[in-house]
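The sequence shown begins at 5 in my numbering and counts up by one.
Here's the structure, in structure tokens; my notes come after.
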Amino acid sequence: MRSTLTVISILLFVSLQWAASGAAQTADQIPEAVQSLQPDARFKADILVIVAHPDDETEVTGYLARAIFDQHKRVAAIFGTPGNSGGDAVSNAQAAALGDIRITEAREALASFGVLHVWCLGGPDTPGQNVLHSLETWNHGNALWQTVRLVRLTRPEVILTWLPDFVAGENHDDHQAAGVIATEAFDMAGDPTVFPEQVAEPDNRLGVSNLAEGLEPWQAKRIYYFSDADNTDFLVGKGPEYNTTDISPSKHAPYYKLAAEEMAYHLTQDDTGQLAKHALATGDFTYFKQPVRLALGKSAVANTAVTGDILKGLTPGAIPYVPPRGYRQEARQGVSVELGGPWAFYRDFWRAHSLDHLAQLLNPPEMSVGNGEQIHVPILIRNDSDEPAEVILTSTLPPGWKELHGTARYPVRPHEAYTAHTAYVTASTAKSEWQTLQWKAESGGQVIGTVSLRAKTASPGLPQ
Ligand SMILES: [Zn+2]
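Below you can see the structure in the form of structure tokens.
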């Protein structure tokens with residue numbers, strides 16, 4: 005390094021002396037500058053997996069085995085949390101200690117697939133169903149700042165992540181948060197005005213204390229989603245589906261078995277690592293033979309077939325930035341009613357990120373509830389008129405459900421959005437079935453709107 009600097013110094017000195025002499029220079033007498041540096045090729049990924057917890061990657065390992073072992077694609081992964089909540093099937097280690105173990109299990113599992121570029125955003129594992137809660141506990145800005153940096157570092161062709169939606173199923177709020185942040189990063193990493201310190205060049209990269217990161221903006225080409233819904237049939241035809249019973253030509257084993265071997269590293273987790281260990285011991289791979297089902301979020305390049313291979317037609321290399329539509333305030337009139345909270349967020353989020361088709365995936369919206377469980381559903385009443393309004397909200401409940409609060413006359417000021425916090429106790433029946441909740445809003449003697457939500461009753465308990 006020192007010798008290089010010495011040569012540069014001598015060249016500078018000579019050229020300055022030459023200039024100082026006042027003699028005219030010809031082009032070949034002017035020293036040639038060194039070529040600018042390229043991004044670090046060691047970190048270039050074809051596929052960047054952005055998920056919430058150690059073991060979430062197992063949702064797609066049945067596909068990753070094909071991409072890595074037989075198509076020689078490079079994969080990197082980001083975990084939002086170390087997975088510090090939930091039980092431990094191996095020892096008494098819990099909380100932060102469990103997080104240390106689980107993120108190590110994830111690193112070992114992915115290393116078995118040759119995936120060594122693995123990062124954790126450090127958000128706390130936050131069991132629940134409301135994505136806004138995980139975005140709060142993860143410190144949304146910090147998690148996004150890290151994720152945009154890692155997209156710029158790994159320069160993926162494709163991002164795979166959790167579906168940003170509220171579904172009937174595990175519906176883990178951390179999963180949804182990973183999908184939201186991955187989508188935001190997809191739309192921001194190519195914009196040099198977003199976290200500009202990451203794409204500023206250092207004055208002297210060989211010096212110390214450089215406060216510019218020297219990365220380059222990067223527009224990933226496609227983003228795909230997978231879901232933790234109990235039933236993923238709603239994804240059929242919305243993206244590619246990868247058969248896991250095919251035999252890997254290089255490993256001479258079916259992809260489901262390779263996926264089970266990867267999953268078996270997550271031994272602290274009963275429903276994944278222990279399940280995989282049991283499958284490998286008994287040869288019963290029923291659980292692993294499900295296909296990997298993806299939904300195309302969006303593509304930044306032309307000629308993307310919705311159900312085509314995720315990397316089909318992609319040529320590694322930078323493409324121009326494709327901005328999303330961005331948030332635009334809707335022009336509304338009169339008094340209206342809709343689901344609030346996370347459902348209202350998603351309606352705006354999908355439009356802002358040019359993902360309008362996600363609004364049609366689950367319509368009407370759905371959720372799953374435990375038997376005898378207390379649930380809370382925010383209902384958003386908007387008054388876009390110039391006059392105060394009184395809105396009478398009533399609900400129609402499934403048999404055996406009890407309303408705790410919600411039915412009321414709501415005073416709504418002009419141009420105000422009022423959130424009515426409705427709450428219920430579900431029936432204590434053990435039967436798992438779909439039910440419908442409905443709310444009716446009336447104002448001035450007229451029905452101004454109804455809202456429906458499909459709820460699937462199941463055993464009580466929060467997702468892990
Ligand atoms: Zn998870």
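Where is the CB? At the ideal position from N, CA and C, for every residue including glycine.
Residue i burial status per 10 Å Cβ neighbour count (16 or more: buried)
i	result
SER270	According to the sequence as given, residue 270 is His; it is not Ser. Buried is the call here.
ASN96	exposed
HIS256	exposed
GLY448	exposed
SER372	buried
VAL64	buried
ASP352	exposed
SER7	Reliability of the predicted coordinates at SER7 is poor, the pLDDT of 45 falling under 50, and the value obtained from them is presented with this limitation in mind. It is exposed - the Cβ of SER7 has fewer than 16 other Cβ atoms within 10 Å.
ILE251	exposed
PRO242	Residue identity differs from the one stated: residue 242 is Lys in this sequence, not Pro. So LYS242 counts as buried.
GLY465	Legend: pLDDT at GLY465 = 47, less than 50; position of this residue unreliable, no value from coordinates given.
TRP354	buried
GLY87	buried
PRO415	exposed
ASN367	exposed
Inter-residue spacing [alpha-carbon to alpha-carbon] between residue i and residue j
i	j	result
ALA23	VAL38	Here ALA23 scores only 48 on pLDDT, less than 50, and its place in the model is too uncertain to base an answer on.
GLY66	ALA181	23 Å
ASP104	TYR422	43 Å
HIS121	PHE47	8 Å
THR461	GLY410	21 Å
LEU68	GLY132	28 Å
GLY301	PRO168	10 Å
PHE73	THR319	20 Å
PRO196	GLN223	11 Å
VAL341	THR454	7 Å
THR10	GLN150	Note that THR10 scores a pLDDT of 45, beneath 50, so its modelled location is shaky and nothing firm can be said.
ILE51	GLY145	24 Å
SER19	PRO35	Because the pLDDT at SER19 is just 49, under 50, the model does not fix this residue reliably, and the point stays unresolved.
ALA71	PRO392	59 Å
ASP92	THR276	12 Å
ASN235	GLY173	8 Å
THR141	VAL152	19 Å
THR308	GLY317	8 Å
GLU334	PRO253	53 Å
ALA304	PRO327	9 Å
GLN468	SER399	Below a pLDDT of 50, predicted positions are generally treated as unreliable, and GLN468, at 36, falls in that range; the measurement from the model is reported next regardless. Their Cα atoms are separated by approximately 31 Å.
HIS425	LEU164	35 Å
GLN75	VAL162	15 Å
PHE17	GLN29	With a pLDDT of only 48 at PHE17, under the threshold of 50, the placement of this residue in the model should not be trusted, and no figure is reported.
PHE230	ALA99	27 Å
ASN214	ILE323	28 Å
ARG329	LEU139	22 Å
When the options are compared against residue i, the one with the closest alpha-carbon
i	options	result
ALA110	LEU362, TYR260, TRP149, THR85	THR85
ALA485	LEU343, VAL305, LYS77, THR158	Not covered by the structure: residue 485. The range shown for the chain is 5 to 468.
LEU41	LEU154, ARG209, GLY127	ARG209
LYS435	LEU408, LEU457, PRO402, SER447	PRO402
ARG386	TRP123, PHE292, GLU446	GLU446
ASN247	THR187, LEU154, TYR260, SER254	TYR260
LEU365	GLU174, LEU239, GLY194	LEU239
GLY376	TRP166, THR433, GLU61	THR433
VAL451	GLU437, GLY338, LEU408, ALA233	GLY338
ASP313	ALA299, GLY321, ALA322	ALA299
LEU284	ARG413, ASP32, LEU262	LEU262
ALA147	ARG78, ILE379, LEU125, GLY345	LEU125
TRP443	LEU343, GLY374, ALA280, ALA363	LEU343
ILE383	ALA412, LEU359, SER358, ALA363	ALA412
Residue i vs residue j beta-carbon contact at 9 Å
i	j	result
TYR1	PRO244	With the chain covering 5 to 468 only, the question about residue 1 has no answer from this structure.
ALA348	TYR331	no
PRO369	PHE199	no
PRO160	TYR325	no
VAL381	ALA427	yes
TRP166	VAL55	yes
GLU266	GLU61	yes
LEU59	GLN294	Residue identity check: residue 59 is Asp in the sequence provided, not Leu. No. Outside cutoff.
LEU457	TRP405	no
GLY183	ASP129	no
VAL203	GLU217	yes
LEU397	VAL429	no
ILE82	VAL119	no
ASN134	GLY345	yes
ALA49	ARG78	yes
SER389	HIS361	no
Minimum Cβ-Cβ distance from residue i to chain B less than 9 Å
i	result
TRP149	Within the model displayed, chain B is absent; a lone protein chain is all it includes.
### Task
With a floor of 3 residues, list each beta strand (DSSP E) that falls wholly inside the stretch 217–248, ordered by position along the chain.
226–230
Point to revise | Length at least 4, wholly inside the stretch 140–214: the alpha helix (DSSP H) runs in chain order | key: 144–158, 177–192
Jot down the residue ranges of each uninterrupted beta strand (DSSP E) in the stretch 417–447, minimum 3 residues, whole runs only, in chain order. 420–429, 438–447
What are the uninterrupted segments assigned as beta strand (DSSP E) that are 3 or more residues long and contained completely in the stretch 322–363, given in chain order? If you keep only unbroken beta strand (DSSP E) runs of at least 3 residues inside the stretch 322–363, you get 339–343.
Margin query: Quick check on the DSSP output: what are the complete alpha helix (DSSP H) runs of length 4 or more inside the stretch 266–323, in order along the chain?
Written below: Within the stretch 266–323, the complete alpha helix (DSSP H) runs of at least 4 residues are 279–286.
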